[in-house]
RNA sequence: GGCGGCGUAGCUCAGCUGGUCAGAGCGGGGAUCUCAUAAGUCCCAGGUCGGAGGUUCGAGUCCUCCCGCCGCCA
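Numbering (full-length UniProt numbering), first residue to last: 1 to 483.
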């Protein structure tokens, strides 16, 4: 879809904004992978990525979420150009036992660790040209206030109660587990130790008093919400998956932990012995950003679209809507779910050593190139596979040869001696923060602007590299490339 | 074991709500251009739409059974 629309944009002379938007609305691209049929057209829209846990450096899955959200956001801006109509939030999730433990291991205060890793995410998103309007960190004061207020609302509505929880608890995963999800493995001393069936992390029998959220009460309202809005969660298989979860028993949710064990978080209002469960804490960020609990947030909620990975579907499609209903609010307008990227057919993992550094990709394939690849080759419904050759071939074929070839022909002196070009529509191509973006080039200045682009010198296949092991070379040459 | 999702050209995927008896990109084969970055343009081959039944005037699309993969529950 991007190719076609880019083609059309380039081909048009003096395209007005209105006719352009009309054109878009008239076209029927059934290949649109996200099923974006924005039925709240001309309304303001608020897009969010998940907030990313700062226990590790960002990977391409994080970037993929951000790029998807960015694309949706930019698309909405094209439809509704007013600066006040679109809002896009991303950020970092900075509370939790893992952060607490990782910081201790590194000899840092948790806040120092958070500052470092959050900065990495911010840097990545800047480099990737993610046009978010907000970046939130759950350690901010406004967030603490929002969460505590939200808690107070739930409490006032009788949806929280103190309960004694007894069961297996996994500190690493920060969750309680039913017996069925626990297995035994040989421990260091040879005896069998209980571990999580999923993660393999140790679990221990825990008996403690926590605050419990009456999640079970929302099983039917959640079902009604989803059945009443088949588009609430897309793609459709994920909608089905959530409905299936709701066919089963939905037990109440423990939403706090002992402060003596977990102190890096937000204390329960009026009870310092308990810390608010990190997922409740994290999910409220979506409200914090838009001003909750001040009344202003209502102008952005619920016209909200969450872009999430499938691994956190349950939190966003079951717990979060239930919490919102409990607090007297509507669930989000849309939840767009994407799958994961594998690398050469294998899941990324540190132990395999195949984690792909997104900043390396942005450098190697250019920012727009890698963004294009993620959007063009990504299929939300399925896990998609990344390998260097695939990226290179796609960019060569579609950007360099097809689109780039068109540009070069149009700008060649033999073909266009007067150097006359249509002006770029600035609505469609807002000034990029990246120097050298071809979109900046218009009119006679194009050659000069494009001259700053990486060129291919004498190498006929500049992006053809063996298994993304060699970086693109920049050579001094008068020839330019569209990227 | 129960429930749910998925299975479309060599590869990656569109094909939503039954109706030009299936398309795109890549890959493959052929032709052509030499203007522009040794690239472009055009044409072609390639599909038991997992298998078998059924409903229907008509099914990739609906129903049943079977096979395979994935997920949830037990």
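All residues carry an ideal CB built from backbone N, CA and C; glycine is no exception.
- The C-beta distance from residue 274 to residue 254 rounds to 10 Å, too long to meet the 8 Å contact threshold.
- Looking at the DSSP output, residue 87 bridges to 46.
- As the crow flies, the alpha-carbon of residue 318 is around 34 Å from that of residue 109.
- Residue 94 sits buried, since 16 or more C-beta atoms from the chains shown fall within 10 Å of its C-beta.
- The Cβ atoms of residue 313 and residue 238 lie closer than 9 Å to each other.
- Residue pairing by DSSP places residue 115 opposite no residue, since no beta bridge is assigned to it.
- Residue 211: member of the beta strand (DSSP E) spanning 204–213, first to last residue.
- 9 Å or more divides the Cβ of residue 394 from the Cβ of residue 366.
- In the three-state reduction of the DSSP assignment, residue 272 falls in the strand class, which pools E and B.
- DSSP links residue 309 through a beta bridge to 338.
- Bounds of any beta strand (DSSP E) do not take in residue 65; it lies within the alpha helix (DSSP H) bounded by 60–79.
- Assignment of residue 250 by DSSP, reduced to helix, strand and coil, places it in the coil class.
- Contact between residue 246 and residue 222 holds, since their C-beta atoms are separated by about 6 Å, short of 8 Å.
- Sorting 216, 164, 248 and 241 by C-alpha distance to the C-alpha of residue 208 places 164 at the top.
- Contact between the region 301–308 and the region 147–155 is absent, with fewer than three C-beta pairs closer than 8 Å.
- Nearest to residue 211 by C-alpha distance, out of 277, 103, 173 and 201, is 277.
- With distances taken between CA atoms, residue 99 lies nearest to 262 out of 133, 295, 262 and 292.
- Under the three-state reduction of DSSP output, residue 110 falls in the helix class.
- In the structure shown, residue 196 falls within a strand segment according to DSSP collapsed to helix, strand and coil.
- In this structure, residue 60 places its C-beta atom within 9 Å of the C-beta atom of residue 374.
- With the rule of 3 Cβ pairs closer than 8 Å, the region 192–206 does not count as touching the region 223–236.
- Note that the C-beta distance between residue 62 and residue 124 is below 9 Å.
- Comparing alpha-carbon positions, the option among 102, 310 and 397 lying closest to residue 379 turns out to be 310.
- Take residue 192, set aside five residues on each side of it, and the residues of its chain with a beta-carbon closer than 8 Å to its own are 184, 185 and 186, in chain order.
- As the crow flies, the alpha-carbon of residue 370 is around 28 Å from that of residue 82.
- A straight line joining the alpha-carbon of residue 181 with that of residue 323 spans about 25 Å.
- Residue environment for residue 71: buried (at least 16 other C-beta atoms within 10 angstroms of its C-beta).
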